[in-house]
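The block underneath contains the structure these notes are about, expressed in structure tokens.
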Amino acid sequence: MTSRKTSSRKANSSRKTNSRKSLWHTTESFKIVEPNFYQAVILLADYKEIFVSTGVGAGKTSLAPIWLSLKQLQFGGGNVIWIEPITRMLSTVAIPTYESFVKDTIFEGKWKSKKENVYKNKFGFVYFLTAENAEHIQGIPDVVAVVMDEAGQCSRKAYYYAKARLKRTNGYLLGLSNPYVNKDPWMYKEVYQDYLNGDPDILFLTYSSLENPAFNKEVYEKDKKKLSPEELDFLYHGKFVKPQGLVFDYPNDLIVDIDISTNELLKKFEEEHPGRNFIGMDFGFGDPTVMIVGRWSEGKLYLIDEYYRTGLAPSEHADAVARFVKRYNVGIIFYDPSGIKDRLEIDKILKEKGIRVTWKTANNDIQKGLRAVDTFFKERKMFISASMRHMLDEDNSYVYNSKGLPEDRNNHCEDARRYLVMGIIRLTDKRRFYRRPTKKEADNWLAEHFHGLFKKKKKDWISYL
Ligand SMILES: Nc1ncnc2c1ncn2[C@@H]1O[C@H](COP(=O)(O)OP(=O)(O)O)[C@@H](O)[C@H]1O
Ligand SMILES: [Mg+2]
1 MTSRKTSSRK ANSSRKTNSR KSLWHTTESF KIVEPNFYQA VILLADYKEI FVSTGVGAGK
61 TSLAPIWLSL KQLQFGGGNV IWIEPITRML STVAIPTYES FVKDTIFEGK WKSKKENVYK
121 NKFGFVYFLT AENAEHIQGI PDVVAVVMDE AGQCSRKAYY YAKARLKRTN GYLLGLSNPY
181 VNKDPWMYKE VYQDYLNGDP DILFLTYSSL ENPAFNKEVY EKDKKKLSPE ELDFLYHGKF
241 VKPQGLVFDY PNDLIVDIDI STNELLKKFE EEHPGRNFIG MDFGFGDPTV MIVGRWSEGK
301 LYLIDEYYRT GLAPSEHADA VARFVKRYNV GIIFYDPSGI KDRLEIDKIL KEKGIRVTWK
361 TANNDIQKGL RAVDTFFKER KMFISASMRH MLDEDNSYVY NSKGLPEDRN NHCEDARRYL
421 VMGIIRLTDK RRFYRRPTKK EADNWLAEHF HGLFKKKKKD WISYL
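Going by the numbering used here, the sequence shown runs without a break in its numbering and finishes at 465.
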């Protein structure tokens with residue numbers, strides 16, 4: 001829309017052909033919004049949290065500035081936040097969409113800081129933020145409303161920080177998204193489930209792209225011939241499609257909140273769960289290198305932290321390994337036996353830093369390992385911190401192929417976890433003390449025994465096992 005004249009002409013002509021091309025249009029003196037049924041519900045419904053899962057181009061983002069402005073009005077003034085999953089989307093999506101709607105309305109204001117993406121109108125501040133820096137959300141004053149665009153691509157952390165900003169004002173949250181399952185464990189596994197369980201504060205709407213009068217139905221008809229029903233559901237109907245054939249399909253309540261964001265909180269958690277921390281590690285270059293930290297406490301394994309980085313040389317992971325070993329006071333890292341070269345390189349740097357840790361090659365038998373991990377889940381012996389986004393993402397896309405074998409992708413956290421579980425089983429398997437060791441084991445045992453004999457003993461961690 002370039003000027004009022006062209007847009008009103010456009011609006012008039014479009015009314016004649018009955019094919020509206022945009023959510024709102026401008027006349028000589030008004031900005032007129034013509035929502036579809038679902039958009040009207042979103043604008044009017046009085047729920048603390050509204051989540052909307054739709055197909056592409058269903059009219060979500062274009063509704064965001066209208067909803068935010070309405071909330072500012074409804075509260076008689078107040079600050080609001082608009083969150084996008086990545087920084088680039090602020091300048092390409094959020095800001096232009098917002099500016100074009102508020103232009104020539106009572107919501108038009110000025111940039112308070114263009115650099116910080118803070119806008120100000122007579123109702124309050126409008127903060128444009130990205131979920132990439134979720135911590136920044138914490139630094140914002142209280143707000144009356146938050147929009148999370150493409151919420152399913154935003155981190156769970158961003159969602160909780162946003163909610164915290166709304167607490168004091170008793171404000172509102174609107175989450176707009178396509179139904180990503182892989183990238184989206186929290187929205188599907190928490191919000192949607194809460195809604196299904198009857199949480200009175202949450203409305204979860206699902207609607208199809210076809211509900212948007214501006215939607216190009218020809219494209220849909222073409223795709224209908226090409227795509228599977230599941231793909232159509234995802235792309236156009238906004239429906240969550242649970243991946244078929246998941247390798248690990250554990251119940252949601254094994255995903256738990258473990259706040260260890262500060263050293264004090266970590267200490268508190270460790271005191272409440274006496275035990276020992278271990279790391280499982282998988283190496284990759286084209287693939288990610290992953291560390292999974294697990295706390296083994298009284299027969300239960302709490303997966304509490306993850307490291308997940310792609311495209312770095314082994315030496316470039318060394319700082320992170322050092323940080324994890326120190327922070328979690330880790331004695332043993334169980335690692336992928338084929339990654340021996342990487343581990344030697346990393347260990348050399350650790351030694352230079354004066355950090356000692358024992359590296360143990362993990363049992364890499366996939367079938368055995370998968371069974372062991374599955375048993376941990378089935379026996380409710382393993383819990384995953386909800387902050388472990390990569391693991392949760394991968395668990396949601398790690399599937400069996402048509403031959404009944406796990407596909408060799410989306411399995412990096414799973415591999416590291418498998419090494420960790422196999423390692424812990426080996427350590428705790430008391431039976432091995434009763435059987436006669438092979439000659440090699442005996443030699444190693446002797447070597448280990450004498451190696452450690454004259455060292456000052458740290459606290460005897462095996463007693464926790
Ligand atoms: N109720 C509506 N009537 C007519 N056009 C609409 C309506 N809602 C949205 N649109 C238009 O459809 C297009 C796609 O909307 P958008 O909000 O970007 O979709 P999404 O964010 O769901 O992908 C935009 O040009 C928008 O103005
Ligand atoms: Mg959008």
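Note that the Cβ used here is the ideal one computed from N, Cα and C, for glycine as well.
Any non-hydrogen atom of ligand 2 closer than 6 Å to residue i Cβ
i, result
"K21", "no"
"K115", "no"
Contact under 7 Å by Cβ, residue i with residue j
i, j, result
"I279", "V330", "yes"
"D199", "K48", "no"
"P85", "Q153", "yes"
"S208", "Y236", "yes"
"I83", "A145", "no"
"L301", "M388", "no"
"A322", "I355", "yes"
"F128", "L68", "no"
"A158", "G175", "no"
"A416", "V293", "no"
"F101", "P65", "yes"
"I50", "I42", "yes"
"G59", "L23", "yes"
"D259", "A386", "no"
"F125", "N79", "yes"
"H390", "Y328", "no"
"Q39", "L70", "no"
"T97", "T61", "yes"
"R168", "I140", "no"
Residue i CB to nearest heavy atom of ligand 1 below 6 Å
i, result
"T262", "no"
"G59", "yes"
"V41", "no"
"A214", "yes"
"V147", "no"
"S62", "yes"
"V56", "yes"
According to DSSP, residues forming a beta bridge with residue i
i, result
"A145", "V80, Y172"
"W24", "V33"
"N411", "According to DSSP, which records beta bridges pairwise, N411 is partnered with nothing at all."
"V290", "D282, Y308"
"N178", "Answer is none; N178 lacks a bridge partner."
"T54", "Y207"
"I255", "I384"
"R418", "BP columns for R418 are empty, so no partner."
Supposed contact pair residue j and residue i - C-beta distance, whole angstroms, cut 8 Å
i, j, result
"S193", "N252", "Ser is not the amino acid found at residue 193; the sequence shown has Gln there. With a Cβ gap of about 6 Å, Q193 and N252 count as contacting."
"V421", "V247", "Contact doesn't hold; Cβ gap of about 14 Å is too wide."
"P337", "T361", "4 Å"
"S315", "I349", "6 Å"
"S53", "P179", "5 Å"
"H412", "G284", "6 Å"
Residue i Cβ short of 6 Å to ligand 4 heavy atom set
i, result
"P35", "In terms of ligand content, the structure shown lacks ligand 4 and carries ligand 1 and ligand 2 instead."
Taking the runs of the beta strand (DSSP E) that are 3 residues or longer, which of them lie wholly in the segment 73-140?
Whole beta strand (DSSP E) segments, 3+ residues: 80-84, 110-113, 118-121, 124-130.
Within the segment 376-406, note down every full alpha helix (DSSP H) run reaching 4 residues or more, in order along the chain.
Correct list: 389-395.
Which residue spans inside the segment 191-238 form an unbroken beta strand (DSSP E) run of at least 3?
The segment 191-238 contains, as complete beta strand (DSSP E) runs of 3+ residues, the segments 202-207 (chain order).
Quick check on the DSSP output: what are the complete beta strand (DSSP E) runs of length 3 or more inside the segment 308-385, in order along the chain?
Listed in chain order, the complete beta strand (DSSP E) runs (minimum 3 residues) inside the segment 308-385 are 332-335, 358-361, 382-385.
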